[in-house]
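In the numbering used here, the protein residues as written are 26 to 180.
Where a beta carbon is used, it is the ideal one built from N, C-alpha and C, also for glycine.
This one's a predicted model, so the numbers in the text were calculated from it and none came from an experiment.
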Amino acid sequence: MPFCTNCGTAVGDRVAFCQNCGRPQPVTAVPPAADPLNGISGETASTLCYIPWVGWIVSLVVLSTNRFRGDGLVRFHAFQGMYLAVAWMIVDIALEPSLRISGISRSIVPLLKLGIVGTWVFMLIRTNAKQLVRLPVIGEMAERSVNEQGNGWKT
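Laid out in structure tokens, this is it:
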């Protein structure tokens with residue numbers, strides 16, 4: 026329990042003024058929030074970006090924290106994992122309903138979804154083995170996104 030800086034009377038933790046003498050009390054600083062990725066290596070963060078259906082959340086966290094701001098390789102994997110999730114959403118939300126109208130949704134959409142899940146698992150395994158794989162279209166977009174942020178990174 027803190028004490029008044031003027032008269033020495035015990036005051037509460039969050040009291041702005043002393044109850045005895047009325048003097049203002051110094052405000053204690055709130056400790057900064059801990060970095061959620063503090064104990065995670067770059068390789069682990071890169072691998073987590075490819076977890077099917079939830080890797081996009083890890084990608085957003087990696088891209089929004091300062092921990093990996095200068096690490097172009099981790100940011101590349103974060104963008105590539107996020108773009109894979111966007112591809113899944115395009116197939117699931119936009120392509121499936123439009124193909125359902127034409128009647129060919131039953132054969133094509135499950136194959137596309139299986140391909141995306143297979144790519145997620147493939148990238149999860151390759152990234153965990155520390156092998157860089159640049160996917161044809163998505164990899165180019167991810168590299169461009171990293172370079173637009175000023176990291177000057179090349180695969």
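Check                                                                                                   : Outcome
Inter-residue Cα distance where the pair is C46 and G37                                                 : 14 Å
Nearest-angstrom Cα separation, counted from A110 out to W78                                            : 7 Å
Cβ neighbour criterion (16 or more within 10 Å) applied to C32                                          : exposed
Under 8 Å between C-beta atoms of T72 and N172                                                          : no
Local Cβ density within 10 Å of I150, reported as buried at 16 or more and exposed below that           : exposed
Ordered list of alpha helix (DSSP H) runs contained in the stretch 91-128, each at least 4 residues     : 97-114, 121-127
Residue closest to Q25, alpha-carbon to alpha-carbon, out of D96, M114, E121                            : There is no way to answer for residue 25, as the model of the chain reaches only from 26 to 180.
Candidates C74, W113, R125: closest to F101 by CA position                                              : C74
Classification of M114 by the beta-carbon crowding that lies within 10 angstroms, buried from 16 upward : exposed
Distance, F104 Cα to V52 Cα                                                                             : 41 Å
Rounded separation between T12 and K155 - CA only                                                       : No answer is possible for residue 12: it lies beyond the span of the chain, which begins at 26 and ends at 180.
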